[in-house]
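For the sequence shown, this note's numbering assigns the number 55 to the initial residue and increments by one for each residue that follows. Using N, Cα and C, we set each Cβ at its ideal position, and we do this for glycine too. Remarks on the structure that follows.
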Amino acid sequence: MTDISHSRARLRGVSKRYGGTLALDRVDLSLPAGQVLALLGPNGAGKSTAIGLLLGLLRPDTGSVDLMGGDPRQLAPRRRVGLMLQSAGLSDTLRVGELLELTRSYYPEPRSVADCVALAGLDGLLGRRYGALSGGQQRRVQFALALCGRPDLLVLDEPTTGLDIEARLALWTAIREQVAAGCAVLLTTHYLEEAEALADRVAVLRGGRIIADGSVEEIRAHVSRRRVRCRSRLAPDAIATWPDVVSVVEAGGRLEIVAPTAEALVRRLLSEDPSLSDLEIERAGLAEAFVELTREAA
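The following block contains the structure:
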C-alpha cells in the first residue's frame, strides 16, 4: 500500500456518472509528495474524469476528494497545483514573455521568468507570439506556465506530445528535478516508455475502475513473458514449433523470441546452435503488461 500520510491529493471511494454512464466506480487514488504517479488507461477509461475531480472542476456523486488538505474548489489549494492539459486554450496573439508574466501574476511567490525559461527550454522564444510557435514549442511554453507558481502538485496530461527526442529528455529531467524537491506529479501518457522511465507508481484504469496499482516492477510482474534476442543459424519457423514459444521474429539478422520463461528456451537454443551469439534476455515491458491487464479486465 502507498504511504498516504504526505499526500498532495486523494480520491476516496469516488464514483461519477454522466447520465447512464458510470465514468468512475469507487476509485481510491493518492498522490504522495516526491512521487510520480502514471495514470494509464485506454480512451474512455475515466482518466479525464479523475483529473477533473482532483482539480475541483467536477464534483463526485459519491466519495470524497482532498487537494492539499482542503476542498479542490477553493482557491488556496488550487494555487498549489501546476496544470498542463492536452488543450491549453492560450491566446495566439500574446508573446511568450507576456504569457509568463500574466501567469506569474496569479501566484504570491512565483518562479522567476529566467527559471521558467531554463526549466522548459524557452531560450530565444520570449519575444515570439504563441500562435507562431511550432506544436513542440507550444508544449514547452505550457510546461513553463505549469511551473510558474512553484507547484506542490503537477498534473501533466500527455506532456511530451509533439516534442522531439532532445526536448522530451529535457522535460523528463525537469520533471525529475521537481519530484526531487518534493513535488507530486500526476502523469497521463500514451508513451508507455515515458511512464516506465518516470513513474514511481502506476495506476491502470479500465471501465472506471482501478485494475492495478503498484510500482513499475509490480505492474510488469503481471506478465511473465521473456523476450530473448540472439543471432542464430536456426530457422525461425522451426523455433516457432517449440513448446511454449509464443512468437518468433527475424529482423536485421537477429531473432526475437517471446516465451513464458527464458531458461529452457536458452538451453535448447545453445544445444541446437553452439555458435549462437549476441544473446539478450529481457522481461516484458510496461507496454505488454498494460495490454495484458486491460485485455483481462475487458
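Determine whether the beta carbon atoms of residue i and residue j lie at a separation below 8 Å.
i: Arg-274; j: Arg-349; result: no
i: Arg-280; j: Ser-269; result: no
i: Ala-316; j: Ile-335; result: yes
i: Cys-237; j: Leu-208; result: yes
i: Ala-99; j: Leu-259; result: yes
i: Glu-342; j: Val-239; result: no
i: Gly-11; j: Leu-180; result: Because residue 11 is not part of the residues shown, which for the chain are 55 to 352, the question remains open.
i: Ile-103; j: Ala-77; result: The amino acid at residue 103 is misidentified as Ile; the sequence shows Thr. Yes; because the gap between Cβ atoms is below 8 Å, this pair is in contact.
i: Gly-190; j: Gly-216; result: yes
i: Phe-344; j: Leu-93; result: no
i: Leu-121; j: Leu-108; result: yes
Measure the C-alpha to C-alpha separation of residue i and residue j and round it to an integer number of angstroms.
i: Pro-297; j: Thr-243; result: 36 Å
i: Arg-64; j: Val-320; result: 46 Å
i: Leu-91; j: Thr-214; result: 16 Å
i: Gly-67; j: Asp-115; result: 10 Å
i: Met-55; j: Gly-175; result: Because the pLDDT at Met-55 is just 39, under 50, the model does not fix this residue reliably, and the point stays unresolved.
i: Val-312; j: Val-282; result: 6 Å
i: Arg-62; j: Asp-267; result: 18 Å
i: Leu-210; j: Gly-261; result: 21 Å
i: Leu-144; j: Ala-200; result: 13 Å
i: Gln-140; j: Ser-69; result: 24 Å
i: Leu-252; j: Val-233; result: 10 Å
i: Asp-332; j: Glu-346; result: 29 Å
i: Leu-330; j: Asp-206; result: 52 Å
i: Arg-127; j: Gly-106; result: 11 Å
i: Asp-82; j: Arg-113; result: 15 Å
i: Tyr-354; j: Asn-97; result: Because the chain is modelled from 55 through 352, residue 354 falls outside the range shown and cannot be assessed.
i: Gly-306; j: Ile-265; result: 38 Å
Does residue i pass the burial test, meaning 16 or more other C-beta atoms within 10 Å, or should it be called exposed?
i: Tyr-184; result: buried
i: Ala-249; result: buried
i: Gln-89; result: buried
i: Asp-218; result: exposed
i: Arg-287; result: exposed
i: Val-300; result: exposed
i: Ser-84; result: buried
i: Asp-57; result: Residue placement at Asp-57 is flagged as unreliable, the pLDDT there being 43, under the threshold of 50; the coordinate-derived value follows with that caveat. So Asp-57 ends up on the exposed side.
i: Arg-194; result: buried
i: Ser-59; result: In this predicted model, Ser-59 has a pLDDT of only 47, less than 50, meaning its place in the structure is not dependable enough to derive any value.
i: Arg-134; result: buried
i: Val-303; result: exposed
i: Ala-186; result: exposed
i: Leu-223; result: exposed
i: Ala-294; result: exposed
i: Ala-257; result: buried
Could you check how far apart the C-beta atoms of residue i and residue j are, in whole angstroms? I think they sit under 8 Å.
i: Arg-263; j: Asp-125; result: Actually they are not in contact, since the Cβ atoms of Arg-263 and Asp-125 sit about 25 Å apart, beyond 8 Å.
i: Met-138; j: Gln-192; result: Rounded, the Cβ-Cβ distance is 11 Å, inconsistent with contact.
i: Arg-308; j: Cys-284; result: 7 Å
i: Arg-149; j: Arg-182; result: 6 Å
i: Gly-203; j: Pro-164; result: 6 Å
i: Leu-225; j: Ala-198; result: With a Cβ gap of about 10 Å, Leu-225 and Ala-198 do not count as contacting.
Would you call the segment 218-230 and the segment 140-159 touching, i.e. three or more CB-CB distances under 8 Å? no
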